[in-house]
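Engineer: Here the sequence shown stands for residues 572 to 832, numbered as in the numbering used here. Glycine included, C-beta positions come from ideal geometry on N, C-alpha and C. The structure is given below, and queries will be raised subsequently.
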Amino acid sequence: EMAKQTKQAVVEADIVVFIVDGRQGLTPHDKTITDFLRKSGRSVMLVVNKAEGMKYTSVTADFYELGLGDPYVISAAHGDGVADLVDEALDIALAQRPDLGEEVDVARGIKIAIVGRPNVGKSTLVNTLLGEERVIAFDMPGTTRDSIEIPFERDGKQYTLIDTAGIRRRGKVFEAIEKFSVVKTLQSISETNVVLLLLDAQQDISEQDAHIAGFVLESGRALVVGVNKWDGLQSDRRDEIKMDLERKLSFLSFAKFHFIS
Numbered sequence: 572e573m574a575k576q577t578k579q580a581v582v583e584a585d586i587v588v589f590i591v592d593g594r595q596g597l598t599p600h601d602k603t604i605t606d607f608l609r610k611s612g613r614s615v616m617l618v619v620n621k622a623e624g625m626k627y628t629s630v631t632a633d634f635y636e637l638g639l640g641d642p643y644v645i646s647a648a649h650g651d652g653v654a655d656l657v658d659e660a661l662d663i664a665l666a667q668r669p670d671l672g673e674e675v676d677v678a679r680g681i682k683i684a685i686v687g688r689p690n691v692g693k694s695t696l697v698n699t700l701l702g703e704e705r706v707i708a709f710d711m712p713g714t715t716r717d718s719i720e721i722p723f724e725r726d727g728k729q730y731t732l733i734d735t736a737g738i739r740r741r742g743k744v745f746e747a748i749e750k751f752s753v754v755k756t757l758q759s760i761s762e763t764n765v766v767l768l769l770l771d772a773q774q775d776i777s778e779q780d781a782h783i784a785g786f787v788l789e790s791g792r793a794l795v796v797g798v799n800k801w802d803g804l805q806s807d808r809r810d811e812i813k814m815d816l817e818r819k820l821s822f823l824s825f826a827k828f829h830f831i832s
């Protein structure tokens with residue numbers, strides 16, 4: 572699945588930044604990826620990471636075999652060479668696509684952010700709406716770490732779907748990267764036009780669901796609520812869930828609730 576998504580990203584990219592491990596050296600896998608990138612016809616920047624404390628010639632020597640030109644050397648962990656790499660990538664992109672440098676209001680239409688707790692089916696819903704697998708969906712909380720924006724068109728109208736990271740209860744946010752993910756999700760809510768709050772019908776409505784809904788309201792965004800995983804539930808269980816929604820999310824009485832699977 573990861574390989575499939577990577578290939579899709581390469582097809583849609585203007586520039587591919589191919590990062591290899593300077594500590595590990597050249598591997599057969601690096602050669603396989605290089606063959607694919609060469610066939611793609613995209614501009615490729617070869618970047619040797621983990622180069623801290625190593626001489627340029629020693630860390631890059633093996634990678635010239637790939638035939639991708641002079642490697643860029645960085646240390647992502649220490650930030651060495653990263654700014655120059657970004658500047659170089661932008662210069663190459665602008666040389667290929669001068670229009671990228673123009674200050675243009677890109678007509679991406681209405682922005683719709685899909686938010687909710689981890690593992691409620693956000694990425695799966697995005698893929699269903701798009702009719703293709705554009706984001707990876709696993710039954711594992713935390714699969715989506717950053718907000719992913721995907722433009723699409725329906726009935727002649729432009730939209731941008733934003734698949735966000737799941738927001739956990741504060742006490743369960745351990746990793747620094749996960750804290751970043753939560754910040755990015757809240758930022759996406761603030762910058763979008765419509766928020767689709769996705770709930771899991773097979774889990775109790777939590778205080779965290781209410782907190783997310785409250786943040787959406789405070790941000791002044793339009794709100795739609797989707798109750799996912801509805802199929803397979805008995806009618807009496809469905810009635811219980813609807814009563815639970817009315818009780819715990821009474822402040823959302825104005826919003827439309829859609830029961831989906």
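Would you be able to state if there are at least three C-beta pairs under 8 angstroms between the segment 606-625 and the segment 580-592?
Structural biologist: Taking 8 angstroms as the limit for Cβ pairs, the verdict is that the segment 606-625 does touch the segment 580-592.
Engineer: Identify which residue in A660, R688, L823 and E623 has its Cα closest to the Cα of Q779.
Structural biologist: When each option's Cα is compared against that of Q779, the closest is R688.
Engineer: Mapping DSSP to helix, strand and coil, what is V787?
Structural biologist: Helix at V787.
Engineer: Who are the Cβ neighbours of E636 in its own chain at under 7 angstroms, not counting the five residues just before and after it?
Structural biologist: Excluding residues within five positions, the ones whose Cβ falls inside 7 angstroms are L597.
Engineer: Under 8 angstroms, do V691 and D771 count as touching if we go by C-beta distance?
Structural biologist: Their beta carbons are under 8 angstroms apart, which means V691 touches D771 by this criterion.
Engineer: If the criterion is Cβ atoms closer than 8 angstroms, does the pair I783 and D815 meet it?
Structural biologist: No, the Cβ-Cβ distance between I783 and D815 is not below 8 angstroms.
Engineer: Starting from R725, follow the beta strand (DSSP E) in both directions and report where the run begins and ends.
Structural biologist: Per DSSP, R725 belongs to the beta strand (DSSP E) from I719 to R725.
Engineer: Could you check what DSSP says for A648 in three-state terms: helix, strand or coil?
Structural biologist: Three-state result, A648: coil.
Engineer: By Cβ distance below 8 angstroms, which residues in the same chain neighbour V675 in space, the five residues on each side in sequence not counted?
Structural biologist: Because the pLDDT of V675 is 39, which lies under 50, any placement of that residue in the model is unreliable, and the number read from its coordinates should be weighed accordingly. Within the same chain, V675 has no close Cβ partners at all.
Engineer: Please confirm if the segment 649-667 is in contact with the segment 624-641, defined as three or more CB-CB distances below 8 angstroms between the two stretches.
Structural biologist: Too few Cβ pairs lie closer than 8 angstroms, so no.
Engineer: With DSSP collapsed to three states, give me the class of Q667.
Structural biologist: The answer is helix: DSSP assigns Q667 an H, G or I state.
Engineer: Under 8 angstroms, do D606 and V591 count as touching if we go by C-beta distance?
Structural biologist: Their beta carbons are not under 8 angstroms apart, which means D606 does not touch V591 by this criterion.
Engineer: If you draw a straight line from the C-alpha of A580 to the C-alpha of E720, how long is it?
Structural biologist: The straight-line gap from Cα to Cα measures roughly 13 angstroms.
Engineer: What would DSSP say about T763, mapped onto helix, strand or coil?
Structural biologist: The answer is coil: DSSP assigns T763 none of H, G, I, E or B.
Engineer: If you draw a straight line from the alpha carbon of Q549 to that of A684, how long is it in whole angstroms?
Structural biologist: Since the first and last residues shown for the chain are 572 and 832, residue 549 lies out of range.
Engineer: Determine the DSSP secondary structure at V734, reduced to helix, strand or coil.
Structural biologist: Rather than Val, the amino acid found at residue 734 in this sequence is Asp. The answer is strand: DSSP assigns D734 an E or B state.
Engineer: Express the C-alpha separation of T699 and L768 in angstroms, rounding to a whole number.
Structural biologist: Computed Cα separation, rounded: 16 angstroms.
Engineer: Going by CA-CA distance only, name the one from I733, P599 and G702 that's closest to R725.
Structural biologist: With distances taken between Cα atoms, R725 lies closest to G702.
Engineer: Grouping DSSP H, G and I as helix and E and B as strand, with all else coil, what is S694?
Structural biologist: DSSP places S694 in helix when its eight states are reduced to three.
Engineer: Which value, in whole angstroms, describes the spacing of the CA atoms of G640 and A781?
Structural biologist: Answer to the nearest angstrom: the Cα atoms are 53 angstroms apart.
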